[in-house]
Every structure is written in C-alpha cells, then in structure tokens.
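Anchor point for the sequence shown: position 179 equals 179 in the UniProt record's numbering, and the numbering is continuous, going up by one each time.
Even for Gly, the Cβ is constructed at its ideal location relative to N, Cα and C.
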Amino acid sequence: MQPIRTFNVSPSLPSRLEPLRKLAYNLHWDWNVETKDLFRRLDPDLWESSRHNPVLMLGTISQARLMEVVEDEGFLAQMDRAARQLEEYLQEHTWYQKKRSSHVSNDKTQECYAYFSAEFGLVDCLPIYSGGLGVLAGDHLKSASDLGLPLVGVGLLYQQGYFAQYLNADGWQQERYPINDFYNMPLHLERNPDGSELRIGVNYPGRTVYARVWRVQIGTVPLYMLDTNIEPNNPYDHDITDQLYGGDIDMRIHQEIMLGIGGVQMLKALGYKVTAYHMNEGHAAFSALERIRVLIQEENLSYLEARQVVASSNIFTTHTPVPAGIDLFAPEKVLHYLGHYADIFGLNKDEFLALGRENSGDLSAPFSMAVLALKMATFSNGVAQLHGVVSREMFRGLWQDVPVGEVPIAAITNGVHARSCVAKSTQELYDRYLGPNWSSVPTDNPLWERMDAIPDEELWRNHERCRLDMILYVRERLVKHLRDRGASPSEITSAQEVLDPNALTIGFARRFATYKRATLWMRDIERIKRILFENKNRKLQFVISGKAHPKDIPGKELIREINHFIREQGWEKQIVFVPNYDIHIARLMVAGCDIWLNTPRRPREASGTSGMKAAMNGLPNLSVLDGWWDEANYVRTGWAIGHGEIYDDPTYQDEIEANALYDLLEKEVVPLFYDRDVDGLPRRWIAKMKDAIRLNCPFFNTARMVREYAERAYFPASDRYYTLSESHYAPAKELAVWKEKLTTHWYDIKVKDVNVSAGTDIKVNQTFSVTAKVDLATLTNNDVQVELYQGAVDANGDIVNGKSVVMNYKGEDEQALSTYTASIEYNTSGLQGLSLRVLPKHKYLSSPYEPRCIVWAHQEG
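Structure (structure tokens):
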C-alpha cells in the first residue's frame with residue numbers, strides 16, 4: 001500500500017541533549033575521540049549494531065535512556081566538552097587562512113574548489129564506497145576540513161551502495177545489497193527557500209532525469225550527492241544512483257553523466273562559484289563538457305575560449321597504472337548520449353570524439369574518460385612517484401615528441417587521514433608523548449624526535465591490547481557469519497577460538513584483484529607449513545579480508561582458493577578470512593596486526609594506502625616495492641620483497657618473490673618478533689615500530705598530501721581562473737586567438753643552423769657556446785622559447801634524463817632568421833648528447849607543454 005503522504009520524523013531529544021543532534025550530523029565525530037566515546041557511552045550495544053551511526057542511534061534509543069542521561073552529570077559534562085571542541089574546530093584559524101589570507105579577505109577573489117569523485121569512503125555507516133579510491137576521497141575531504149580549504153565534495157548517493165559480502169559453504173563470494181535508509185544517516189536533504197526539495201534536471205536522450213541533493217557535513221567541508229531515485233523519473237533512471245559501479249556499460253555512462261554534468265549543475269543550483277575543479281579519476285570528466293557549454297551559452301564565449309577557461313582551472317588525478325583500468329565507451333554510445341554537445345561546440349562528430357582519443361586520427365578508437373580528463377586539465381598527476389613514472393609512459397602519446405620524463409603528469413603521493421585510522425588508545429599515547437598536533441605536522445618538525453620518549457613497554461602493551469581487540473572482534477564477526485549461513489555448532493565453537501592473542505599476526509586486506517596476488521604466500525605449501533608450525537614457540541598466523549568486484553570472477557576464485565586452502569589444511573585457527581571487509585574491520589586490522597603484507601605485481605599498484613595506515617599504528621610493512629612503499633624507507637620501517645625487478649614471465653616472477661617472502665619470514669621477521677629481553681619485550685621490533693611511525697606518519701598523511709594539492713594545483717588553478725576571466729574573459733580570448741594562430745603556423749618553424757664552439761671531444765665542466773638560427777615564419781620571439789636539451793646518450797642513441805637550458809634571443813639577421821645563444825657544460829663524462837627544441841611561450845600558459853606543440857632541431861634534417 002502506497003502512502004498518501006510521507007513525513008520525515010526526526011529524533012526527539014530532551015532540550016538539554018540538543019547538542020547531540022549537531023554532533024551526530026557532522027562527521028567530525030569520526031576523528032574526534034571525545035565525541036565517538038560519547039555516543040558509545042550513550043548505548044554501547046546500539047552503537048555497534050547501528051554500524052556506528054549516531055543519527056540512527058538517536059532515532060531508535062529509548063526515551064527512558066535519554067531521560068537517564070539527562071540526570072547524568074558526567075555524561076552531560078562530556079557532551080558539553082565534545083560540543084565545545086566541535087565549535088572550536090569550526091572556528092579555528094586554519095592553515096589555508098594563513099597561506100591565502102589575501103584571497104580569504106578579498107571578496108572579489110573568494111575561492112572555492114570542487115572535488116568530484118564517484119565514491120567517498122567516510123564512515124562505516126555510509127557504505128557508498130568500494131575501496132581505496134573512495135577512502136582516499138573521504139580522507140581528502142577530512143584533511144581539507146582540517147586545513148580550512150574552501151572545498152566542496154561532489155558525488156552520487158547510492159541507494160544500495162557497493163555490496164555486503166558473505167561466503168557460501170564453498171567459500172565463494174556472494175553479494176547482498178542492503179538498502180540505505182538516507183533519513184537515518186548523517187545526511188541533510190537540501191531544500192529551496194520555500195521548503196521544497198532542491199532538484200536539478202540533466203538531459204539524457206529523449207528525456208530529462210531529475211535528481212535531488214543530499215549533503216553530508218565533514219567538519220567545515222560539505223559533500224553534496226545526487227539521488228535520482230525520485231518521481232517523476234522512470235524506473236531505469238531511478239537506478240542511476242542505485243549501485244556503485246553496478247549495471248552494464250549503459251548504466252555506467254548514465255552514472256558518469258549524472259556525476260560530471262549533474263555535478264556542475266548542482267553546484268550552480270547551490271550558489272557556488274567554483275574557481276578550481278578536481279576530477280578524482282576519469283569518472284567525472286564529463287564535467288568539463290558541461291562547463292564549456294555554460295560558458296558558450298551563458299557567457300557568449302567561443303568554444304576555444306570556453307575550453308581554455310575550463311582546462312586552465314581543471315585538475316585531474318589518475319589512479320590507474322594500466323590501460324585496462326580506464327573507462328572506455330564506444331564512439332556511437334558517446335554520440336548518442338552527448339552528441340548535442342558537439343553541436344553546441346560547433347564540432348563535427350570526429351572532432352568531438354577526438355576529445356577522448358589519444359590519436360585523434362584513429363576513427364575506430366573508443367572514447368577514453370582518462371584522455372578526456374587529461375585534455376581538459378592543465379594540471380594532472382599520479383598518486384605516487386612510481387605511478388607518476390608509469391602514467392607518463394602510459395599517456396606519453398598525448399604529448400608527441402616530448403621526452404617521457406617531461407610529460408606533464410606530476411606525482412602527488414597519496415596519504416591517509418591520521419586521526420581516522422590510528423586506534424583510539426594509540427592516539428592517546430601519541431597525544432601524551434608527541435603532543436596534540438602529531439597528526440598534521442611535517443616530517444622535519446622536532447616533534448618527531450620525541451618518539452624515543454615513548455617507553456618501549458607502554459608502546460608494546462598498547463599494541464598487544466590492539467591485537468586482542470582485533471582478535472575478539474574477528475571471532476565475533478566469524479561467529480555471526482557462520483550462524484547466518486547455518487553452520488554447525490562445532491564450527492561456531494571453533495570460530496570462538498581462532499587466532500592466538502600472543503602470536504605474530506600478519507595482516508592482508510585489500511580488493512581481490514588478480515594483480516594483487518593474494519595467494520602468493522600459499523605458493524609453496526610445505527614451506528609455509530614449516531614457517532607456521534615448525535617452532536611452537538614462534539607462532540605465526542594470518543588475518544585476511546577483502547572483496548572482489550561482483551563481476552570479477554578471477555578475483556572471486558582467489559577468495560575461494562584461500563578458503564579451500566585453509567579448510568583442506570585444517571588451519572582454521574591460524575589463518576582466518578574475515579568476510580565483509582569494511583572501514584571498521586580495516587581500522588581494527590591496521591592497528592591489531594603485527595605486520596602488513598602486500599604482494600602486488602610491480603608496477604600495477606598505483607599507490608595503496610592500507611600499508612600507510614598500518615605504519616601510522618606502528619606496524620612494519622612487508623611488501624613488494626610498488627606504489628607508495630617504493631618511496632618509503634623500507635629498510636628501517638619494514639622489509640622489501642625483492643629489489644624492484646620487473647620480469648617478463650609472471651610465473652617466474654611469482655616463484656622468485658614467493659621465495660623471497662618465505663626467506664624474509666624465516667630469517668628476519670619471525671626471529672626479530674620473538675627476540676625478547678629479560679622483560680619480555682622485543683626491543684628491536686619496537687625500534688622498527690617507532691621508525692615506522694616517525695618516518696611514515698608525517699609524510700604519508702593527507703595533511704601533507706592536501707597541502708601539496710593546494711599549493712601545486714588548487715592555488716594556481718584558481719589564480720588562472722581569475723586571471724583568464726578578468727574583463728569578461730579578455731585574457732582567455734587573447735590566449736585562444738594566440739593558440740589558434742600558433743597551431744596554424746607552428747610547423748612552419750625551421751631550425752636552420754646550430755653552431756657549437758667545441759669539437760666532439762671536450763672535458764668535464766668545460767664551458768662552450770652554442771648559436772642557433774631559427775626561422776620562426778609568421779611567429780615572433782615573444783611566441784616561443786628556444787632551448788638546448790643535453791644529457792647522456794643511451795644504447796639506442798637517445799638522450800636520457802636530459803636537462804634544458806633556455807637560450808638567449810639576440811635578434812634577427814639580414815635573412816630574418818632569429819638568433820639564439822647559450823653557454824653550457826657537462827658535469828659527467830661519457831657519451832653525451834645535445835639537441836635543440838622550440839616550445840611555445842605566452843604569459844597566460846600554465847606551462848610550455850599546454851599547447852602540445854614542440855619542434856626539435858634533429859627533425860629538420
């Protein structure tokens with residue numbers, strides 16, 4: 001029976017407890033120990049059963065319990081402290097205000113940065129994420145709040161989220177899709193001044209799809225999410241925001257249109273004037289098309305002028321190290337859904353499709369969302385230094401003839417939000433000995449010298465408590481899982497005894513993709529058996545968790561293989577697979593395990609962040625040198641599996657690295673953990689724990705990461721936006737005209753002569769001069785930058801790791817050739833090379849590589 005009216009019923013609280021409502025609806029509670037303890041204290045069982053959802057708690061808790069705490073002076077004092085802490089947090093003078101005070105105080109240049117992501121992993125009770133990408137996005141917003149950035153998040157609110165995992169009797173992953181009850185989550189429904197729901201309408205072929213707007217408040221940062229499960233949308237369109245990464249390729253393009261195009265429309269409807277747009281992965285790249293449309297139709301700019309404004313204020317972060325991880329759409333599908341943009345832009349279908357093609361001349365190539373994002377951004381980055389190298393190689397075709405090391409894709413190494421992932425007791429320990437600012441201070445701060453002030457015994461006993469907390473929770477979750485699937489009483493009894501609270505515990509938890517090699521440690525059964533059981537006084541055990549994408553059959557096979565292996569070997573008490581991995585179990589594992597294992601096939605791991613969280617809790621990492629671990633101090637803070645080799649034969653690589661893993665466990669990890677002194681303390685292990693905290697916590701931290709995004713991306717992009725939009729976009733118009741002229745005449749440039757004052761044999765540090773004659777055709781010296789490019793020559797005859805020297809303009813000769821000179825030297829011996837190149841130059845360019853034009857002397861023969 002359908003209701004004739006609906007009501008949103010809010011929790012009824014005694015007036016003295018009203019501060020609880022504000023605390024519940026701001027996710028600051030997730031990283032504020034005082035507030036989280038307050039809700040746990042209110043009703044510990046309800047806190048757990050609600051998935052740590054204070055809004056649901058306040059709506060379901062008994063009035064009798066509320067009346068009890070109204071008379072509880074201790075509870076009221078804690079509530080008032082928590083409310084005061086939130087208010088002080090919201091009002092504090094932030095890093096951003098200090099850094100950009102002139103922009104904050106000047107209304108004319110008020111800034112706003114929009115962060116688009118298909119998923120956000122914030123708290124356990126908002127299951128709208130699938131894994132690391134989402135948790136990173138959530139941590140990004142939390143640190144943006146801590147730093148005071150004027151940032152807003154943009155996403156989709158999924159009715160069923162990702163999925164809840166359970167295993168059948170055969171160990172095969174099954175999926176459940178619980179319905180998210182938005183009205184009992186820490187969400188606000190955005191409304192118009194008259195009280196009606198704020199809605200936007202996005203054009204799809206033959207219809208308009210409507211979406212309402214929900215907001216979750218993360219400290220000072222709002223995250224706005226679109227929800228299409230409303231009338232008058234048809235049933236198919238209801239499902240656009242049904243499942244994260246659900247449905248077929250048509251549903252995927254529907255979702256990405258709603259995220260990108262709908263996201264831009266939503267920000268406008270909310271009244272935001274955004275100065276920098278950040279696309280977190282290619283899912284949001286359609287936002288660039290909508291922004292161009294708005295500038296054409298509402299600001300009367302040409303397509304080239306509008307594209308210039310949009311690209312100059314766009315930032316793109318790629319997270320995939322392999323082409324297979326990129327969203328690709330068939331050309332006819334893109335034209336079907338988005339062909340009207342081509343008409344608005346004045347482009348034919350091939351010109352429009354070229355926006356998403358690396359090679360615009362390949363008319364059969366699919367439309368790549370990553371390529372669209374790269375072409376529509378003037379700052380792009382990978383998420384670790386090694387991933388930056390991989391990304392420059394992967395996308396080098398977009399910058400023809402640019403040396404791969406200079407392809408303009410930067411690297412900003414990921415981090416994690418410290419206060420969200422470090423265990424409560426460990427945070428309190430750091431607060432006592434390091435001070436309350438440990439979670440955000442940089443590496444060079446003297447604070448980190450205080451690590452040795454933490455008594456070994458105190459750090460170790462705290463860690464043992466974290467291990468016990470994790471084991472008790474794992475037992476509890478296993479028992480519930482077994483009861484849900486109708487297991488026998490003996491199985492349930494056995495589950496209550498899994499894991500030894502005193503044994504060396506290895507944690508492995510991540511998405512089950514085949515390249516992550518979750519079963520590498522099982523490769524040699526006899527050897528792992530010896531490690532596990534040969535010495536009864538040196539026990540070893542594994543805690544494993546993670547999900548495979550519902551359509552990833554090989555990933556599901558890995559999960560079944562592990563569970564079969566455990567059962568066949570009878571090792572249920574030493575090796576445990578914990579089903580339904582989520583934020584809560586992740587936090588327990590990174591605090592309660594002793595070492596964090598990671599075995600991806602290099603260089604397939606873009607970054608990885610679970611190991612960073614483990615390190616912040618004092619866990620050494622045991623990992624292949626991939627992602628973030630490649631740039632960590634892996635000698636002092638853990639162990640490296642291999643030396644960064646990449647093999648052509650994956651089977652051989654698996655064999656080599658599995659043996660390396662066994663060697664490390666047998667010869668280093670296990671002996672070090674069980675090397676105890678007269679006090680029963682593993683002093684050398686504790687020293688490694690302290691190094692893991694001291695060296696990793698300040699750098700692999702979203703406080704550092706978001707500061708880096710702000711200084712390298714947001715501030716420059718926002719400044720470019722204001723510069724280009726001055727005087728009704730006069731600078732953008734000037735730059736667009738200049739670029740059109742540049743591309744028309746660029747390849748008329750000829751390097752006529754290069755004269756070197758030295759012979760072919762020179763000495764180290766010997767200075768010599770180079771003079772070049774360049775025919776700039778219809779361009780002038782003001783349009784170009786002429787550079788010498790020098791460096792060592794490799795076996796293929798190419799200059800590698802070259803460096804550029806800008807040449808000085810000396811005027812034109814009688815043949816109208818432009819003359820350039822420079823003096824250079826070589827600082828190392830061996831076979832060295834020299835070339836000359838011409839790059840574009842304009843005061844409004846973000847970089848010389850923005851126009852994707854380059855001329856090399858050797859190309860002219």
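Residues bridged to residue i (per DSSP)
i, result
"Leu315", "Contrary to the premise, residue 315 reads as Ile rather than Leu in this sequence. Answer is His278, Phe379, bridged to Ile315."
"Pro840", "Val784"
"residue 881", "The chain is shown only over 1 to 861; residue 881 falls outside these bounds and no answer can be derived."
"Asp456", "Asp456 is not bridged to any residue."
"Gln541", "Thr505"
"Asp227", "Arg212"
"Asn203", "Thr208"
"residue 876", "Residue 876 lies beyond the stretch modelled for the chain, which goes from 1 to 861, so this question has no answer here."
"Ile641", "Val624"
"Phe329", "Phe367"
"Asp775", "Lys750"
"Glu850", "Its beta-bridge partners do not exist; DSSP assigns none."
"Pro186", "The partner list for Pro186 (beta bridge, DSSP) is empty, contrary to what the question assumes."
"Ala822", "Val770"
"Gln165", "Glu175"
Environment of residue i [buried if 16+ CB atoms lie within 10 Å]
i, result
"Ala64", "exposed"
"Thr443", "exposed"
"Gln496", "exposed"
"Gln815", "exposed"
"Gln859", "Model confidence at Gln859 stands at a pLDDT of 45, short of 50, so the residue's coordinates are unreliable; what they give is reported in the following sentence. Exposed, since its Cβ has fewer than 16 Cβ neighbours within 10 Å."
"Asn537", "exposed"
"Lys763", "exposed"
"Tyr337", "buried"
"Lys516", "buried"
"Met394", "buried"
"Glu657", "buried"
"Val371", "buried"
"Cys853", "buried"
Backbone CA spacing between residue i and residue j [nearest angstrom]
i, j, result
"Gln574", "Gln541", "5 Å"
"Val334", "Gly206", "15 Å"
"Lys551", "Pro14", "48 Å"
"Pro650", "Asn180", "42 Å"
"Val69", "Lys36", "16 Å"
"Pro848", "Glu428", "49 Å"
"Ser425", "Asn827", "53 Å"
"Asn445", "Phe508", "32 Å"
"Asn659", "Ser623", "13 Å"
"Asp524", "Ile686", "30 Å"
"Tyr113", "Lys529", "53 Å"
"Val213", "Asn300", "29 Å"
"Ser846", "Arg712", "12 Å"
"Ile133", "Gln400", "Checking the sequence, you will find Leu at residue 133 rather than Ile. Spanning the two alpha carbons is a distance of roughly 30 Å."
"Glu740", "Asp753", "27 Å"
Cβ-based neighbour list, residue i, same chain, cut-off 6 Å, excluding 5 preceding and 5 following
i, result
"Ile292", "Ala306, Arg307, Val310"
"His417", "Asp139, Lys142, Ser143, Thr702"
"Asn633", "Leu695"
"Arg40", "Trp47"
"Glu175", "Phe163, Pro550"
"Ser368", "Ile326, Leu328, Gly356"
"Lys547", "Gln165, Tyr581"
"Arg560", "Gly171, Trp172"
"Ser117", "Ala137, Gly155, Asn280"
"Pro127", "Gly161"
Other residues of its chain near residue i: CB distance less than 8 Å, five sequence neighbours each side excluded
i, result
"Tyr721", "Thr275, Ala276, Val309, Ser312, Ser313"
"Gly861", "With a pLDDT of only 41 at Gly861, under 50, the local geometry of the prediction cannot be trusted, and no value is derived from it."
"Glu458", "Leu429"
"Arg511", "Ser130, Gly131, Gly132, Gly546, Lys547, Ala548, His549, Gly555"
Same chain, Cβ closer than 7 Å to residue i, neighbours up to 5 away in sequence not counted
i, result
"Ser835", "Tyr789, Ile799, Trp856, Ala857, His858"
"Arg465", "Ser425"
Any chance you could list the beta strand (DSSP E) runs of at least 3 consecutive residues sitting entirely within the stretch 568-628, in chain order?
-> 575-578, 595-598, 621-624
Original post:
Curious, which full-length alpha helix (DSSP H) runs of at least 4 residues does the stretch 396-473 contain?
Top reply: 418-421, 424-434
Where in the stretch 33-119 do unbroken runs of the alpha helix (DSSP H), each at least 4 residues long, occur, reported from the N-terminal end onward?
33-42, 44-49, 54-60, 63-70, 73-91, 95-99, 101-105
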